[in-house]
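Protein chains in written order, with the working numbering: chain C, 20 to 348; chain H, 20 to 348; chain F, 20 to 348; chain B, 20 to 348. Ideal Cβ placement from N, Cα and C applies to all residues, glycine included. As structure tokens, the structure follows; a few thoughts come after it.
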């Protein structure tokens, strides 16, 4: 598969590396708003820098990986779909539901393989947790607890453009909840507060939040988010059921343990999402290629992006209005 | 201190054992609705069986430990207060707020040392967690996560008289939340479902529930309850703050670890609350005696019982009405 | 069972407490070289202080617990045996083999229940490890690794009278090895050094030592000892076999875990043997009473004391002579 | 750096992959006894297959990675040294000391960068353990405990050509001991037995062994080896010192934890050395390139291979003769 990459920033570099290391994929071209960034990345991987416009007209290109800034996602996605190219789009498709629905409409008219970058679904530990549930290891799933904390908060100026904590950060956890609960979510309730950085509050956002979800069959789920954990990237999930519990725990660089007068100490969790999910990004590319070759759906698709955004919007509304929100099936 | 014990059932026996092993306390008398139960327990500890009525008139008795059936608590508490005896009362004082408030009124007119049996406050691990917070080890407390699961559900017939999951089970977690958050709780939101035993649902109760609390300063708290965990008594608390996180983990009988073809396995958590909190019951007696001697308040008092019951009532109302409940300060 | 206690020092107090808390045992009398110590302890447990001589003539006394200073053990043991009393003797019976063999000769002529204070055999975790082996959970046992470190070294003046590291400290580990290997030990090899306190070396002893044992069937065992571990009392055993491995790990006061910028920290191991083996001392009394009632052998008897001492002597000889020592079956 | 690889077998493939992923290294050529194996591997990495003889004459080649069968190592090493190429040689240089010494003599006459494939020195966890010691985190190192078990024994026919457990398997642990103890080893004592596969015993080898090392300053070290651990590749090191203890623990694929009626279970250790040390092989290439560029010694060199082999020989002799062996400084 020959992939063109749009976006040579931080996340684009991660994808370029993952593409390079996959034996069946070639980095065919790199485009970026900043041509020098595209050139540097292209050079590193023996690829070529192009204008984004060139990509859609190039018949030798099978797929487009959209890793540009969020406001451009939906346009590029539609152009890629119309030109018949497979798509791996970083989340979100757009920050609002209407624009997202329009993009999905284009996709329905131009059906191509379209994967959405919910990287956590590809993480080996979360995959193993999902399998444990699916294989019935914990019996019937009854409750889900998701704790997700970033190492450090974004600059307050970022907050305004980000869509807020629920759309920008919790959307990953809402997607995990959807994936693991595996049935329609019936209601959502959210609370939030600003206890880390007052500037985030002044920008109209929260930095700490908790959400409760319920499903039709009575499964319950709690999500807890914080924009700052001094000890690193805190990413845990606990699935509890009639026959037991399975927990995804934090990962650290090594398993070294020191015992001294102050106790028994192991390393902090990995600090950054790029380290924690390095393997997930490689497996995401692999799932994308395989889905394209086998003409099956990817592990996370455009519809998943829409559904997670619906939940994020409802969560924000719940918090603003101080009430539980019922969701249509 | 000479203590008379009212109630020679399961929890009464635990208290009798704890009294016996305390060097400064004597089990002066035992009363029970069933005189033969009182006699058996009195004999075991070289005490004497009496009628409950005799206790309040006996000047040689310093304190009454009320471990009889819930509906009798408030009456015995009032009689003990009126006769000037120190009181250690099993929770709850009563299942409704009005009766509880009446009892507190009597206490205010007859001030005696009055401790309430929130045993978890005396658990060494939770005590150490509380200290870690108080000493500032995690900086400013921001979020609290409490997971509390019983090993097996009560018989459905018990459910009716129990006051329901929120008053009977979650009340312990609500008390822990109050104790650890250490500031007024502003709102409460609850969801619940019946996924373990339909008979519990038919009796009008839930067997699985989640609650969200907020405080005035923006602290957030989640509680998750289940009436059944196949692996034992699951009692965990996680306090997260600006400088770190402290977690109380489950305890098991030994630390033995087996490694074989199926993985690396340690023991299940302790199965029963009497095992898990054995030390807490002994320390509860010690706190009671010390509070009485030093004329200070006990670690948990009658007012804490009232406040936890208020939260339990509000949680149930929130679940029934599907909305967040605001609490008066 | 009515037990007389000889020795009201540190370890005597532990036994007095264990006797007091056992429902079937009475502390009938307490004797000590220092009468005031005997009186104080007797008073604490509603017993009476006596001369040691009085004990052997007293027909109301069923058993003698010998917790006096080591040089007196063998004499008291023989007198107790001759007067037909059951015996629980702190280890060692004597510091040399000849004296120990004499005592065993007296026991063979006056057969009474005679337990030896190898407290670790009664520890719940080591008991569970032994059961895991016996029940075949690890298949055929192949290797054993014992790590045993004291929190702090004894004063150098103690070292001279103690019999040295092998007789005083490693003897416990040699007994554990015998108990767990459960077949004759064929050879022993020891090395030792003095790296903690030069005064220990000047007193002719080592403070750090390692021993290797082999059995006739080819099982191998390593023991590692240190007189000082800054983090507490380090007591671990690993049994490895054809179907897996079972490990006894250190125990700590609580399971509290703190995560901060310096890592994920749990408590130090318990500091002192009295805390670590508190339950073992209670279970030791129970095994003694039960063995006496059921006329069966105790979990550890006088012969075990002799065998462990033989190994300790051989270990010391191996270290002094720099060679492997073969043991007679 | 342009590296030619000699040996396209299992370990050769690992190195080819590591070379490919290093940005500063090119796989210039591949040679193998079996030309088709060389061709297949060369093709996979866009390299070319050659005869081994061609390599030494090729001026465009900077370095030779020797991953051929053990009996060919010393010859290739000498030819590479004589042709002035840097060398990364899989261990051992040879199975006997005399041949090894000859090769070192050639190296001393033709000084080139020469690294030896003691892969464990490059493992991040062991590197961190070494750093903890060097930085004084445990104070003065006093004892070292190394446990090293293979998942499954080699075929008995392999055993004959392997040089035996001490030269083939324990040599890695002896190198780790040398590296971590960091001072001359004064004595060695070994025991061994055949308890896993009688065919190994018939081939004259053991499958289970324990070794004790002492150093001049009094440091003590124990090594325990088994050719089979049903639960995977067991690779642990514990360094104990005056200020604490640091332990390298086994690694597993994920940190997933399942809790059910049979206990709390985490994954088995990684099964195979290629998985466990995947990162070490990449870092080994990096250290080799850097040493070559900076004209410094590699982390493990030819002399380390000789010293470890000396210890392995002495260990085997100790076991055969049943006595402690003293080593010259």
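- Sixteen is the threshold: since fewer than 16 other Cβ atoms of the shown chains lie within 10 Å of the Cβ of residue 78 of chain B, the residue is exposed.
- Not flagged as an interface residue toward chain B: residue 241 of chain C, since no C-beta distance is shorter than 8 Å.
- Here DSSP, grouped into helix, strand and coil, assigns residue 313 of chain H to helix.
- With 16 or more other Cβ atoms inside 10 Å of its own Cβ, residue 97 of chain B counts as buried.
- Restricted to the segment 40-74 of chain H, the alpha helix (DSSP H) segments that are unbroken, complete and at least 4 residues in length are 54-63, listed in chain order.
- Contact annotation: in the segment 252-286 of chain B, residues whose CB is within less than 8 Å of a CB in chain C are 262, 263, 264, 265, 266, 267, 268, 269, 270, 272, 273, 274, 275, 276, 277, 278, 279 and 280.
- Rounded to the nearest angstrom, the gap between the Cα atoms of residue 176 of chain B and residue 235 of chain F is 27 Å.
- DSSP places residue 208 of chain C inside the beta strand (DSSP E), whose first and last residues are 204-212.
- Taking 8 Å as the CB threshold, residue 298 of chain H stays off the interface with chain F.
- Contact of residue 144 of chain B with chain C is assigned, a C-beta pair being separated by under 8 Å.
- Along the segment 213-237 of chain C, the alpha helix (DSSP H) occurs as fully enclosed runs of 4 or more residues at 217-221, listed in sequence order.
- Taking 8 Å as the threshold, the shortest C-beta distance from residue 185 of chain F to chain B does not fall below it.
- DSSP, read as helix, strand or coil, puts residue 244 of chain B in strand.
- As computed with DSSP, residue 283 of chain F is found in a beta bridge with C:285 and F:278.
- Within its own chain, the residues whose Cβ lies closer than 7 Å to the Cβ of residue 30 of chain B, once the five positions on either side in sequence are excluded, are 86 and 109, listed in chain order.
- For residue 342 of chain B, the neighbours in chain F by C-beta distance under 7 Å run, in chain order, 342 and 343.
- Under the 8 Å criterion on CB atoms, residue 156 of chain C is classed as interfacial with respect to chain B.
- Around the Cβ of residue 53 of chain H, a 10 Å sphere holds fewer than 16 other Cβ atoms; the residue is exposed.
- The beta carbon of residue 148 of chain C falls within 8 Å of a beta carbon belonging to chain B, placing the residue at that interface.
- Listed in chain order, the non-local C-beta contacts of residue 294 of chain H below 6 Å within the same chain number zero, local neighbours out to five positions each way being set aside.
- Distance from the CA atom of residue 169 of chain H to the CA atom of residue 290 of chain H, rounded to whole angstroms, is 9 Å.
- The segment 37-45 of chain H and the segment 217-232 of chain C do not touch, with fewer than 3 CB-CB distances between them shorter than 8 Å.
- For residue 254 of chain B, the pairing in a beta bridge is given by DSSP as B:167.
- Along the segment 80-143 of chain F, the alpha helix (DSSP H) occurs as fully enclosed runs of 4 or more residues at 92-101 and 116-128, listed in sequence order.
- Contact note: residue 237 of chain F reaches chain B through 212, 213, 214 and 227, using a C-beta cutoff of 8 Å and chain order.
- Taking C-beta atoms as the reference points, residue 258 of chain B and residue 330 of chain B fail to come closer than 8 Å.
- When DSSP states are grouped into helix, strand and coil, residue 273 of chain C belongs to the coil group.
- Using a Cβ-Cβ cut-off of 8 Å, residue 59 of chain C does not count as an interface residue toward chain B, since no Cβ of chain B sits closer than that to its own.
- Nearest CB-CB separation between residue 151 of chain F and chain H: below the 8 Å threshold.
- For residue 322 of chain B, the uninterrupted alpha helix (DSSP H) run begins and ends at 321-340, by DSSP.
- Around the beta-carbon of residue 347 of chain F, fewer than 16 other beta-carbon atoms lie within 10 Å, marking it exposed.
- Taking every protein chain shown into account, the CB of residue 132 of chain H has 16 or more other CB atoms within 10 angstroms, so this residue is buried.
- The closest CA to that of residue 210 of chain C, considering only C:241, C:48, C:145 and C:141, is found on C:241.
- In the DSSP assignment, residue 264 of chain C falls within the beta strand (DSSP E) that extends over 263-267.
- In this structure residue 243 of chain F is buried. Its beta-carbon is surrounded by 16 or more other beta-carbon atoms within 10 angstroms.
- Taking 8 Å as the CB threshold, residue 219 of chain B stays off the interface with chain F.
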